[in-house]
Structures are given as structure tokens and as C-alpha cells.
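Below: the structure, in C-alpha cells.
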Amino acid sequence: MNINKGIFISFEGPEASGKSSQISLLSKYLKKRRIPYVISREPGGTKLSEKLRKIILNNKSNINNLEEILLLMAARSNHINNFIKPNLIKKKIVISDRFADSTFVYQGFVNNFGISKVKKLHQELLNNFNPDITFIFNLNTNEIIKRLKKRKNKNKYDKINLEFHNRVIEGYKKISTKKRYINIDASLSKLMIHNNILNSLKL
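Here it is as C-alpha cells:
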């Protein structure tokens, strides 16, 4: 990986797959080596996008799947234009906990809107803006449920049943066909996963 230019990296996968822990480890590694980087998340990353996040992830929000997709697109547009692109111009590594692939999987596949339809919206509304590298964390459903039971603060996706998480796993398998996707075995130890990520990034 060429650290002398801006690079956009996203972390994807089902709930409780360990993305956040690995983002934290990667940030510590980059900081120690004085490699410029920033961390963000989706939905979120800007003041407006964080406000939309609260609506999207709130169990009490009375919104349908299409409305949720459009809110996500609006949040993502603001995130791209006001956070991601400005930091890439500054030649920083931009690390995001989730990006458009989550919408393809959760709203497109799991909620049956259609992956191709969501991708078309992404192409038309957001100019098909995608990460340079996407890590997809793979974890079996039983382990996901086991980890979720330990969570104190749950959003609406954390509370959904076994079938839901199976669909999420299937959805990620369907989309992870292009070169930018790197599959990660999320059942390994944190250190092993961290080393696998560093090796993939050639850091």
C-alpha cells in the first residue's frame, strides 16, 4: 500500500464480528508510525450524518426500507463530501466502520429491496464512490449470537433473530466478488486478525 497518497479503507461484516476492535488496533499501529489517518463510521462521520444515524438506528423510528435507504444515501453523501474526500485530498488514510456495502447487504439483500437496485442508486446519487480496500469480517451465526448477548447497548440490528444474521452472512458472500474485497476470518484471535490486516495492507 502506498502511504504517500490518500487511501480509503472500509471494514464490513455482520454485527459483533470484531470490526471496531480491529479499527482500534490499526489506528494505534498507524499512530505509532506517524502515518496520517482518520477514523469514521457509517451512518455518521459528520454532524448531519450523526443526526441521521440516530433516526436510522432507533428502534422507535417509523420508517420503511426505502425511506431508510434514502436517509442512508443522504448521510453518505454528506460524509463523502465533507469528511472522506477532504481527508483523501490531504493524503490521509481514511478508515470507515461500514460504508455502502452495508446498505447493499442489509437494505438491499436482507430487506429484499434488491442489491442491484441499491447499487444503481449508489451509482446515480453518489457517483459509485467506493473504498480502495474493503475488509469483510466472516463469522458464523452461533458466535454472532453469543457475542451479541454480551452487548449492553444494542441497536435495532443487534436484536434481530438468527435468520436475520444468516441472511446478513449470505448477503456479504454475494457482494464480495470484486478485487477490493479482502475476507477476514473473524473467529481468529485479535492479534492474528490484526496481523492478517497488516499483511494485506503491506504495512
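Numbering (our numbering), first residue to last: 1017 to 1219. Backbone N, C-alpha and C define an ideal beta-carbon position, used for all residues, glycine too.
Keeping to the same chain, check which residues put their C-beta closer than 7 Å to that of residue i; ignore five residues upstream and five downstream.
i: Asn1144; result: His1138
i: Val1126; result: Phe1180, Arg1183, Val1184 and Gly1187
i: Tyr1053; result: Ser1043, Leu1046, Lys1108, Ile1109 and Ile1111
i: Leu1120; result: Reading off the sequence shown, one finds Phe at residue 1120, where the question assumed Leu. Answer for Phe1120: Ile1131, Val1134, Lys1135 and Ile1191, listed in chain order.
i: Arg1057; result: Ser1112, Asp1113 and Arg1114
i: Asn1212; result: Ile1200
i: Ile1055; result: Ile1039, Ser1043 and Ile1111
Cα-Cα, which of the options is closest to residue i?
i: Leu1155; options: Phe1120, Phe1024 and Ser1203; result: Ser1203
i: Leu1217; options: Ile1149, Lys1195 and Lys1101; result: Ile1149
i: Glu1140; options: Lys1063, Pro1147, Ala1090 and Asn1211; result: Ala1090
i: Phe1099; options: Ile1160, Glu1066 and Leu1164; result: Glu1066
i: Pro1030; options: His1210, Phe1153 and Arg1163; result: Phe1153
i: Asn1103; options: Lys1021, Asn1215 and Asn1212; result: Lys1021
Can you pull the DSSP bridge partners for residue i?
i: Glu1028; result: Ile1152
i: Asp1117; result: Paired residues: none, contrary to the question.
i: Ser1001; result: This structure leaves residue 1001 out entirely; the chain is present only between 1017 and 1219.
Label residue i either buried or exposed according to how many other C-beta atoms from any shown protein chain fall within 10 Å of its C-beta, with 16 as the threshold for buried.
i: Asn1078; result: exposed
i: Lys1168; result: exposed
i: Met1208; result: exposed
i: Arg1049; result: exposed
Using the C-alpha atoms, what's the distance from residue j back to residue i?
i: Lys1106; j: Leu1178; result: 43 Å
i: Leu1073; j: Pro1059; result: 9 Å
i: Arg1163; j: Ala1032; result: 6 Å
i: Asn1158; j: Lys1189; result: 17 Å
i: Pro1147; j: Ile1160; result: 25 Å
i: Leu1088; j: Lys1063; result: 14 Å
Please work out which residues of its chain come closer than 6 Å, Cβ to Cβ, to residue i, disregarding the five sequence neighbours upstream and downstream, and give them in chain order.
i: Phe1151; result: Phe1027, Ile1198 and Ile1200
i: Gly1061; result: His1095 and Phe1099
Tell me which residues share the same chain as residue i and place their Cβ nearer than 8 Å to its Cβ, disregarding the 5 neighbours each side in the sequence.
i: Lys1206; result: Gly1034, Ser1037, Gln1038 and Leu1041
i: Phe1129; result: Asn1081, Leu1082, Ile1085 and Gln1123
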